[in-house]
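Quick notes on the structure that follows.
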Amino acid sequence: MLSGLAAVIALLALLPLGFVVWVALVTGWDTVAAMLFRPKVGELLVNTVLLILLTLPACILLSVTLAWLTERSDMPGARLWAWLSVAPLAIPAFVHSYAWISLWPRFHGLPAGVAVSVVAYFPFLYLPVAAAFRRLDPALEDQAASLGLPPLQVFCRVVLPQLRLAICGGALLVGLHLLAEYGLYVMIRFDTFTTAIVDQFQSTYNGVAANMLAVVLVLCCFALLAFETLARGNRRYARLGSGAARRAAPVRLGRAKPVCLLIPVITALFALGVPVYTLGRWLVAGGTQIWRLNDIGLALGQTLLLCLIGGVATTAAALPMAWLSIRRPSRSNRLLESFYYLASSMPGVVIALALVTVAVRVVLPLYQTLATVLLAYIIMFLPRALVSLRASIAQAPVELEQAAASLGRSPAASLWSVTVRLAAPGAAAGMALSALGIMNELTATQMLAPNGTRTLAMAFWALSSEIDYAGAAPYALIMVLFSLPMTWLLYSQSKRIAGR
Amino acid sequence: MSFLNIRSLSKRYGTVTALDDVDLSVASGSRTAIVGPSGSGKTTLLRIIAGFDTPDRGEVVLDDIVLADGQESVPAHRRGIGVVAQDGALFPHLTIEQNIGFGLDRRAADRPVRIRELMDMVGLDRSMLERSPDQLSGGQQQRVALARALARKPRLMLLDEPFSALDTGLRAATRKAVAQVLSDAGIATILVTHDQSEALSFADQLAVMRSGKLVQVGSPQHVYLHPNDVLTAEFLGEALLLPAQLDGGQADCAFGRIAVNDKDGRGPATIMIRPEQVVLMTSPGLPHSSGDVPTVEAVVVGLDFCGSTSELLLHIGGDRRISLRQPSSDAISVGASVAIGMRGTAHVLKR
Chain F
1 MLSGLAAVIA LLALLPLGFV VWVALVTGWD TVAAMLFRPK VGELLVNTVL LILLTLPACI
61 LLSVTLAWLT ERSDMPGARL WAWLSVAPLA IPAFVHSYAW ISLWPRFHGL PAGVAVSVVA
121 YFPFLYLPVA AAFRRLDPAL EDQAASLGLP PLQVFCRVVL PQLRLAICGG ALLVGLHLLA
181 EYGLYVMIRF DTFTTAIVDQ FQSTYNGVAA NMLAVVLVLC CFALLAFETL ARGNRRYARL
241 GSGAARRAAP VRLGRAKPVC LLIPVITALF ALGVPVYTLG RWLVAGGTQI WRLNDIGLAL
301 GQTLLLCLIG GVATTAAALP MAWLSIRRPS RSNRLLESFY YLASSMPGVV IALALVTVAV
361 RVVLPLYQTL ATVLLAYIIM FLPRALVSLR ASIAQAPVEL EQAAASLGRS PAASLWSVTV
421 RLAAPGAAAG MALSALGIMN ELTATQMLAP NGTRTLAMAF WALSSEIDYA GAAPYALIMV
481 LFSLPMTWLL YSQSKRIAGR
Chain A
1 MSFLNIRSLS KRYGTVTALD DVDLSVASGS RTAIVGPSGS GKTTLLRIIA GFDTPDRGEV
61 VLDDIVLADG QESVPAHRRG IGVVAQDGAL FPHLTIEQNI GFGLDRRAAD RPVRIRELMD
121 MVGLDRSMLE RSPDQLSGGQ QQRVALARAL ARKPRLMLLD EPFSALDTGL RAATRKAVAQ
181 VLSDAGIATI LVTHDQSEAL SFADQLAVMR SGKLVQVGSP QHVYLHPNDV LTAEFLGEAL
241 LLPAQLDGGQ ADCAFGRIAV NDKDGRGPAT IMIRPEQVVL MTSPGLPHSS GDVPTVEAVV
301 VGLDFCGSTS ELLLHIGGDR RISLRQPSSD AISVGASVAI GMRGTAHVLK R
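In order, the protein sequence lines correspond to chains F and A.
The letter at position 460 of the first sequence is residue 460 when you use the UniProt record's numbering, and the numbering goes up by one with no holes.
The letter at position 12 of the second sequence is residue 12 when you use the UniProt record's numbering, and the numbering goes up by one with no holes.
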């Protein structure tokens, strides 16, 4: 039954991809060839590949370093730095680039794309890596040392392999964001497939060119997924022993402490200092007249409602698949799960376009309703909920569920009373993450939401597109302020998952 | 000729004293068991010897090389000391072969041969080489952990409750196998355990630990029969503790007048008799002779049958009762009259 449910959700999520494939099929080869084999497409491909190849390693290096410093060393203020390494999540990606571009107006293209992407997205890697560090059993490192390995080799041969799942999962999430992000790259004038698709769509309304580019984008996503599956492998990483792991003693940094301290300081300066400084500057410059309270209040109310409903719906939709992928890790379930990632790797604009077309052609009453925009949110943010749920279901051993079953609970009841309860922190994290995504979502909301909807992100984008940077500042500020508690929740939940 | 020397070792964690002025010597090629209740500091001692922790004070000297002197400490990876942890601590991301070969030079030509030799040594089937640790049973995991630690030919092997996760039958078999392997290799071994019977059967030298102190060190037989205090006596096995009046090598107690191992003591004291020293005869007029063991009459007032042994509650003249574990016999039932006596000498406990 659960597999059926997971399959239905997968089918719904695959609707946009199906739409793209359908368009490609009915378009005819000549048009496809004419649309795809162009220098412009090659240029976009180079941009996208370079962006991923430069951003991902930088994010991984930064996150592993920060996670090690905050979780395993005696760095002063480690808790503060840990929190500051998660906090950039509270700032929407396009607000990051709004901040950079108003500070350095001439900073654009690939370097800007990589720099802003790293500061905007590295927390997606930091969170799972730090959690993995906390879960590591130090007995393994002791054991390796007693077998004659110096500390650096212990790190490479024992610690790093244990971090592999966390690094792969986080890197996949970051990679998917790089492929799907729109606002960030438009502001710094860096062309990716996603920005090109939106351009095409807005300029021509002739979906063919946009859809052809989406096909290539989907292929990029395929490549990313395949690479992640390859890198993840199929080894077991769970701790073998019984009982609770001892807590690792912090490594003394000694004389390297000031140098090490520079890493989180510089990161926080760019990831938090730049947006805070820019926003503060615009807020001061704009004075009281940028606070049009009626507009702001309305946008705020609508945004919060969408976040709440969307967050709950997304997590509920991810639950069956999360459970299956941990407890029934068969080839077919892995394939099914990859459909979820695949579906949500589609840029918001393609999902929106597909849903618009389906609504108009098949179920007209659903056009521009809450149901359609919610479906778009679910499709887009499923992986956020899935990754969090999966990690915490993996913490709830199957033996507990079997114990519940042997005590007379039905499968559904034991799932509810054991796994769901134990996975609750992960579910909460998943909800917070998806709500955070919804709050900052722009393109799909704009295209799908019922008439008269104006979320914070929509208002911000409209104003900053008119170069009214000061007028946009209050909306950015509110988005950041509302995202902060959710980010804090995420941070503390990730601590609790590891039991500390 | 002692091989490992530990002198006045102390370690505190915050306000908790984990080790308090511990001295211990281990002879080369010998087997030492450190036994004590949980929280007594035995694992801390092991971790300091292994180099996973540094002591606050005191030194650890192995083969005339100072490994730790106060907070100055040789790191674990330069000590050449093998460790087998409680749950094996196998690397979950590596196969059995990679686990065993972990400490071996990866380019060494004889590496595959060595790994297979080690597998044979600990009695593991070679078909397991490609398996991953979670496909092995607990006993097999411990054997892999032992093989992995042996691969580096350590001078000293530390075993941190390595058998406690195994079930009873497997436990004794694995313990014997491990002891055999280590003896054959001539490696000095320290076993930490909270299981007294494991410690007694494994060790040449037994060290009893309590609240961070080594309260008694000696051969297992000696410590078992001549414990320094009541807690040690009871920790190492069942003990009959009786109030007695000493009188120069003799004592008056519930068993009548019996021999004790204290030639000079006089006055009130506590004496200890192990249950196996007690001779029990169903009276009256039994065929088997009591020899020259003096006996006293008693009545069975309670009986708890536990299979091969039974727990008896005996009422001896006056209102004295003692409880005693004896081999089960259908001649004994509640209400039966028996005669009890004692073989050998009773041990006088120090105050």
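Glycine is no exception: its CB is placed at the ideal position from the N, C-alpha and C atoms.
Residues near residue i by beta carbon distance below 6 Å, same chain, minus five either side
| i | result |
| --- | --- |
| L442 of chain F | G183, A457 and W461 |
| Y469 of chain F | S102 and W282 |
| L200 of chain A | P220 |
| L213 of chain F | F193, A196 and I197 |
| R454 of chain F | A299 |
| A58 of chain F | V118 |
Per-residue burial, residue i [other beta carbons within 10 Å of its own, 16 or more giving buried]
| i | result |
| --- | --- |
| M1 of chain F | exposed |
| G437 of chain F | buried |
| I65 of chain A | exposed |
| K42 of chain A | buried |
| S219 of chain A | exposed |
| V278 of chain A | buried |
| I266 of chain F | exposed |
| Q162 of chain F | buried |
| E276 of chain A | exposed |
| Q153 of chain F | exposed |
| A449 of chain F | buried |
| S483 of chain F | buried |
| T232 of chain A | buried |
| A331 of chain A | exposed |
| G186 of chain A | exposed |
| I467 of chain F | exposed |
| N294 of chain F | exposed |
Same chain, Cβ closer than 7 Å to residue i, five either side skipped, listed in chain order
| i | result |
| --- | --- |
| W68 of chain F | F133 |
| R390 of chain F | A322, S325 and I326 |
| D63 of chain A | F3 and R155 |
| N99 of chain A | L90, F91, P133, V144 and R148 |
Start and end residues, alpha helix (DSSP H) containing residue i
| i | result |
| --- | --- |
| H93 of chain A | Unbroken run through H93 of chain A: none, as it is neither H nor E. |
| S25 of chain A | Taken as a continuous stretch (DSSP letters only), S25 of chain A belongs to no alpha helix (DSSP H), being part of the beta strand (DSSP E) at V16 to A27. |
| F155 of chain F | Where F155 of chain F is concerned, there is no enclosing alpha helix (DSSP H), given that its DSSP letter is neither H nor E. |
| E43 of chain F | P39 to R72 |
| I197 of chain F | F193 to T204 |
| G319 of chain F | According to the sequence shown, residue 319 of chain F is Leu rather than Gly. Unbroken alpha helix (DSSP H) run through L319 of chain F: L293 to R327. |
Beta-ladder partner(s) of residue i, from DSSP
| i | result |
| --- | --- |
| D247 of chain A | A:R266 |
| T309 of chain A | A:C306 and A:P327 |
| H315 of chain A | A:V299 and A:R321 |
| R334 of chain F | DSSP lists no partner for R334 of chain F. |
| Q216 of chain A | A:V208 |
| I258 of chain A | A:A251 |
| M272 of chain A | A:L241 and A:H347 |
| V251 of chain F | F:S73 |
Span of the beta strand (DSSP E) around residue i
| i | result |
| --- | --- |
| M157 of chain A | L156 to D160 |
| Y13 of chain A | S2 to Y13 |
| V338 of chain A | S337 to M342 |
| M281 of chain A | V278 to T282 |
| T32 of chain A | R31 to V35 |
Cβ shell of residue i (< 8 Å), same chain only, five flanking positions each side left out
| i | result |
| --- | --- |
| A108 of chain F | The identity of residue 108 of chain F in the sequence shown is His, whereas the question assumes Ala. For H108 of chain F, where only same-chain residues beyond five positions count, the Cβ hits under 8 Å are I101, I188, R189 and F190. |
| D56 of chain A | S10, K11, R12, G70 and Q71 |
| Y185 of chain F | S97, G113, D191, T192, T194 and T195 |
| L272 of chain F | L84, A87, P88 and I91 |
| I309 of chain F | L370 and L374 |
| E297 of chain A | S283, I316, G317, S337, V338 and A339 |
| G233 of chain F | R164 |
Closer than 8 Å: residue i CB and nearest the ligand GTP heavy atom
| i | result |
| --- | --- |
| T345 of chain A | The ligand GTP is absent from the structure shown, which contains no ligand whatsoever. |
Quiz item: What runs of the alpha helix (DSSP H), each 4 residues or longer, lie entirely inside the region 343-411 of chain F?
Solution: Counting only runs of 4+ residues, the alpha helix (DSSP H) found wholly inside the region 343-411 of chain F occupies 348-361, 370-393 and 398-406, in chain order.
Practice problem: Tell me the start and end of each unbroken beta strand (DSSP E) in the region 54-109 of chain A that is at least 3 residues and wholly inside, in chain order. | Solution: If we require 3 residues or more, the beta strand (DSSP E) runs fully inside the region 54-109 of chain A come out as 57-62, 65-69 and 81-84.
Quiz item: What alpha helix (DSSP H) runs, 4 residues minimum, are completely inside the region 422-463 of chain F?
Solution: Within the region 422-463 of chain F, complete alpha helix (DSSP H) segments of at least 4 residues are found at 424-440 and 443-448, given in chain order.
Quiz prompt | Sequence ranges, beta strand (DSSP E) only - wholly within the region 164-205 of chain A, length at least 3 | solution = Within the region 164-205 of chain A, the complete beta strand (DSSP E) segments at least 3 residues long are 188-193, listed from N- to C-terminus.
Exercise. Please go through the region 123-176 of chain F and give each complete alpha helix (DSSP H) segment of 4 or more residues, from N-terminal end onward.
Key: Fully enclosed alpha helix (DSSP H) runs of 4 or longer: 138-146 and 151-154.
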